[in-house]
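Chemist:
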Amino acid sequence: MMDKLMRTQEVLCPTDFSSTAAHALKYAVEMANLYHVDIRLLHVTSPARGAHCYGIAVDIPPTLENELQAFVDAKMQSIQQEMQQGLTEGLNIKLVVRHGDAIDEILAEAVDVGMVVIASHGSSGLADFLKPHVTQDIVKYAKCPVLVVK
Numbered sequence: 259m260m261d262k263l264m265r266t267q268e269v270l271c272p273t274d275f276s277s278t279a280a281h282a283l284k285y286a287v288e289m290a291n292l293y294h295v296d297i298r299l300l301h302v303t304s305p306a307r308g309a310h311c312y313g314i315a316v317d318i319p320p321t322l323e324n325e326l327q328a329f330v331d332a333k334m335q336s337i338q339q340e341m342q343q344g345l346t347e348g349l350n351i352k353l354v355v356r357h358g359d360a361i362d363e364i365l366a367e368a369v370d371v372g373m374v375v376i377a378s379h380g381s382s383g384l385a386d387f388l389k390p391h392v393t394q395d396i397v398k399y400a401k402c403p404v405l406v407v408k
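In this note's numbering, the protein residues as written are 259 to 408.
1. Quick one: give me the first and last residue of the beta strand (DSSP E) that Pro272 is part of.
2. From Thr278, Ala332, Gln327, Ile376, pick the residue whose C-alpha is nearest to that of Arg298; which is it?
3. Closest to Arg356 by CA distance: which of Leu365, Leu405, Asn350 is it?
4. So what's Val406 in DSSP terms, helix, strand or just coil?
5. Judging by CA-CA distance, which residue of Leu292, Lys401, Met289, His379 is the nearest neighbour of His391?
6. Would you please state the rounded distance, in angstroms, between the beta carbons of Tyr285 and Leu405? I believe it to be under 8 Å.
7. Who are the Cβ neighbours of Gln342 in its own chain at under 8 Å, not counting the five residues just before and after it?
8. Expressed to the nearest angstrom, what Euclidean distance is found between the alpha-carbon atoms of Val322 and Val397?
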């Protein structure tokens, strides 16, 4: 059953632009080439304007939000161009940017894909300690196969 799904549905590869996520994308390219399917590259931006994060209210000026969006768009296009060369001709990397909680948005995007290829970890330090581990929840709740890349 999985083989048939993989042959008809895209590979989802979430990225936080970390080196581990870049490594996972290489595996996503291999899986896409193997099954002749496209890759859906996903980046999730967190809500910042007026959001309460660990009891701290954050208010970001619109100009900074615009700069962040421009950075994300440029980074996604750069990754797309770089990795497109590794894909079999006729296959594509589709770019998706979602806004919200990373776990919720990745799971929502994973509803209609054949597989998720995700890094074992991304950000590190205090941020990793304070937030739930995204990869663990994707493995636990996704309805499709999940490949975790170290």
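C-beta: ideal position from N, C-alpha, C; glycine also.
Modeler: In short, the structure shows the following:
1. Looking at the DSSP string, the run of the beta strand (DSSP E) that includes Pro272 is 269-272.
2. Of all alpha-carbon atoms in Thr278, Ala332, Gln327, Ile376, the one lying nearest the alpha-carbon of Arg298 is that of Ile376.
3. The residue from Leu365, Leu405, Asn350 with its alpha-carbon nearest to that of Arg356 is Leu365.
4. DSSP places Val406 in strand when its eight states are reduced to three.
5. If we check each option's Cα against that of His391, His379 comes out closest.
6. Contact flag correct, Cβ pair sits at about 6 Å.
7. Excluding residues within five positions, the ones whose Cβ falls inside 8 Å are Asn350, Ile351.
8. Checking the displayed sequence, the identity of residue 322 turns out to be Leu instead of Val. Going from the Cα of Leu322 to the Cα of Val397 covers about 33 Å.
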